[in-house]
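With the numbering used here, the residue at position 128 of the sequence shown is 128, and numbering never jumps.
Don't be surprised by glycine CBs; every beta carbon is placed ideally from N, CA and C.
Just so you know, these numbers come straight off a predicted model, no measurement behind them.
Written below as structure tokens is the structure these notes are about.
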Amino acid sequence: MVYREKFSSEMAYLLENVLTLGKECHERLEGCTAILSSEDTADARQLVSDDKRINKLEEEINTQAVNLITTQQPVATDLRIIISSIKIADDLERISDNISNLGEVRKRVRITNERLLLRLSTMEHLALLMLEDVRTAYDDQDLELCREIIVRDQDIDGLFVQITTSDIFDETDVFITGQSQLCAKYLERIGDHIKNIAEHVYYVLTGDKYEARNI
């Protein structure tokens, strides 16, 4: 009984840290495109610096997960949760990396194209909603919401294509145009990683790997 209580406590702590990591990434994501047009680079530098906290928390999650596997001999259901926690933490860390990349862009250039900024902020908003809904899907064990989140990534992809192939750029500076397209790419990757997280949650809830035909 004591053994099982200790294991349950450690599992709860692992899941708590994963949820904390998700919350931290959500906070970093919210408003990240606004810094691209900021008058100075202070917020951009802070955005980049704060990534260190995310990296540390991901490392702690990995350590906890490995310790659980090697010392507690979890059964198949628990092992599925532990392995998925590692994968989710990795995707969240990569989300944070791409947010930092947006800060790096602002350190190099200032983007003022309003049509572009509107599309980038829309990508950010869509990603925020997806990230919020992933938490809801897990809490409510909502498989249909998992499927919906996975499909919704196409909306972010569509905006990425629109930004990189349309004539919304009025810049004559090729460097600024290239940096602007990088921003779209970073946000598109964020959407991909949230989609991955939804697939991991689907696996935790069902024990089956997500397949497109399940939609």
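Which of helix, strand or coil DSSP assigns to residue i
{"i": "LYS209", "result": "coil"}
{"i": "ARG110", "result": "coil"}
{"i": "GLN141", "result": "coil"}
{"i": "ASN214", "result": "With a pLDDT of 43 at ASN214, under the threshold of 50, the modelled position of that residue is not reliable, and no figure is offered here."}
{"i": "SER38", "result": "coil"}
8 Å Cβ cutoff met for residue i and residue j
{"i": "LEU15", "j": "LEU131", "result": "no"}
{"i": "HIS200", "j": "LYS87", "result": "yes"}
{"i": "SER38", "j": "ILE61", "result": "no"}
{"i": "ILE150", "j": "LYS209", "result": "no"}
{"i": "VAL134", "j": "ILE69", "result": "no"}
{"i": "GLU93", "j": "ASN55", "result": "yes"}
{"i": "ALA89", "j": "VAL204", "result": "no"}
{"i": "ARG115", "j": "GLN179", "result": "no"}
{"i": "GLN72", "j": "PHE7", "result": "yes"}
{"i": "THR206", "j": "GLN181", "result": "no"}
{"i": "LEU57", "j": "THR33", "result": "no"}
Expected contact under 8 Å - CB spacing of residue i and residue j to nearest Å
{"i": "GLY191", "j": "ALA127", "result": "5 Å"}
{"i": "LEU79", "j": "LEU187", "result": "About 34 Å separates the two Cβ atoms, so there is no contact after all."}
{"i": "LEU129", "j": "ALA137", "result": "The Cβ separation is near 12 Å, so there is no contact."}
{"i": "LEU36", "j": "ILE99", "result": "Contact flag wrong, Cβ pair sits at about 12 Å."}
{"i": "GLU24", "j": "ARG53", "result": "7 Å"}
### Query
Fully enclosed by the region 164 to 206, which alpha helix (DSSP H) runs are 4 residues long or longer?
174 to 206
### Task
Assess, as a yes-or-no matter, whether the region 43 to 50 is touched by the region 100 to 120 under the definition of 3 or more beta carbon pairs within less than 8 Å.
yes
### Task
Taking only runs that begin and end inside the region 24 to 98, name each unbroken alpha helix (DSSP H) of 4 or more residues, in chain order.
Positions of the alpha helix (DSSP H) runs, each at least 4 residues long and wholly inside the region 24 to 98, are given as 42 to 49 and 51 to 72 in order along the chain.
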